[in-house]
Amino acid sequence: MRGPEFDGILNVNKAQGMTSHDVVARVRRLAGQRRVGHAGTLDPLATGVLLVCLGQATRVAEYLMASDKVYRARICLGICTDTYDAEGQITAEAETRGITRAAVESELQGFVGRQEQLPPMYSALKHQGTPLYRLARQGQVVDRAPRTVQFRSVELTEWNPPELTVTVHCSKGTYIRTLAHDLGQRLGCGAHLTGLTRLASGAFRLEQAVTLEDVERAFVGGAGQSLLLPLEAALSDLPAARVDVATARQIVSGQQVRLGEEAAGSLCRAYGADGQLLALLRLRDDGLWQPYKVFYRRNHDENHP
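Using my numbering, you'd call the opening residue of the sequence shown number -1 and step up by one each time.
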């Protein structure tokens, strides 16, 4: 007999060498449920914050993925690879003795702000249904549309030429491998990424992350729920409204409702009188709020919706 389904967000410190899919598969097995996914892929080379969503939390993954990210990246100057990282084949080498710290810092500051970034061929983006990395492995190069990304800050934190370390605060969808490659191009010597750690994804930070070993111990010991963060952690930027029992029943039944002034914007969280998250609501043109994603699970207690 299957146990109850877990709902919540796991902040996992992904180990190097694992794919994001590997982490999801492991959590799925430990939790004993199929509804498990991640919010924002990390390459096998990368470590750090990987948000894993269980149960109802899979329905808020889009809000987690939309958040800014913070990375610590190690970059080696003077060597280019086909993957833009240390796992690829060397395609070019150049002398770096003339590259100064001041020159690197100047070029890094040139990235700050909005940038048009070309996704690398070795990425999971698809071209006519086929992942780019599969085409790249066949020796194919196809046209890719540049994407607009934003670097809030790019700070040089270690300088040990030809290697350096930077801390990057950026928008979603940014390729740090491409940043390393582009830095090398701007410096005229080439570069590639040698290490990457995601320090933060939105409000979720590496200091609070747990290892897969921690996750296994907790679930095997029956304490898996203790590691899960609530769905609200993905929705904290949205306004919230608390409703009475009658309105709560309408919401969980999918009916449109009218809310007070506390529900500003076009999306809001609705909570029952007991403080339980009921749903996400969308504002209609007529001023009514339409249930968009209902999270509440019905029970037999007549005091609840």
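Note that the Cβ used here is the ideal one computed from N, Cα and C, for glycine as well. Keep in mind it's a predicted model, so treat the numbers as computed, not measured.
DSSP bridge partner residues for residue i (one or two, in chain order)
i	result
D83	L191
E114	T146
G35	C51
T45	T195
R280	L265, Q288
R203	A198
H19	None, per the DSSP bridge assignment.
P237	Answer is none; P237 lacks a bridge partner.
Y69	V166, R196
G6	L52
L106	According to DSSP, which records beta bridges pairwise, L106 is partnered with nothing at all.
V255	W287
A90	C78
L154	V164
T128	H125
L133	According to DSSP, which records beta bridges pairwise, L133 is partnered with nothing at all.
L322	Since the first and last residues shown for the chain are -1 and 303, residue 322 lies out of range.
Outcome for residue i when other beta-carbon atoms lying within 10 angstroms are tallied against a minimum of 16
i	result
F293	buried
S234	exposed
Q138	exposed
Q115	buried
H298	For H298, the predicted model reports a pLDDT of 36, less than 50, meaning its position is unreliable and no value from the coordinates is stated.
R112	exposed
Q253	exposed
T192	buried
V218	exposed
G46	buried
D41	buried
R295	exposed
P2	exposed
S104	exposed
D283	exposed
Q206	exposed
M(-1)	Since pLDDT at M(-1) reaches only 43, below the 50 mark, its modelled position is unreliable, and the value read off the structure follows with that caveat. Its Cβ having fewer than 16 others within 10 Å, M(-1) is exposed.
R196	buried
G182	buried
H19	exposed
Q54	buried
R175	buried
T245	buried
A23	exposed
A221	exposed
A90	exposed
Pair within 8 Å by beta-carbon distance, residue i and residue j
i	j	result
C74	E156	no
L106	V68	no
T79	Q87	yes
V352	V25	The displayed coordinates of the chain run from -1 to 303. Any statement about residue 352 would go beyond what the structure contains.
L225	C266	no
A271	V243	yes
L28	H36	no
L185	A101	yes
S321	L275	Since the first residue shown for the chain is -1 and the last is 303, residue 321 is missing from the structure and cannot be characterised.
R57	K291	yes
Y82	P118	yes
L62	G38	yes
S151	D66	no
G84	L130	One detail in the question is off: residue 84 reads as Ala in this sequence, not Gly. The answer is no: Cβ separation not under 8 Å.
A13	L194	no
G188	I77	yes
C51	A59	yes
L177	F109	yes
Test: residue i CB closer than 8 Å to a CB of chain D
i	result
L43	Annotation note: the requested chain D is absent from the structure, which comprises a single protein chain.
Could you tell me which uninterrupted alpha helix (DSSP H) segments, each at least 4 residues in length, are contained entirely in the stretch 209 to 234, listed from first to last along the chain?
The qualifying runs are 210 to 218.
At 4 residues or longer, what runs of the alpha helix (DSSP H) sit wholly inside the stretch 157 to 193?
174 to 185
Any contact of the stretch 5 to 19 with the stretch 199 to 207, i.e. 3+ C-beta pairs under 8 Å?
yes
For the stretch 141 to 158 and the stretch 114 to 131, state whether three or more C-beta atom pairs, one from each stretch, are separated by less than 8 Å.
yes
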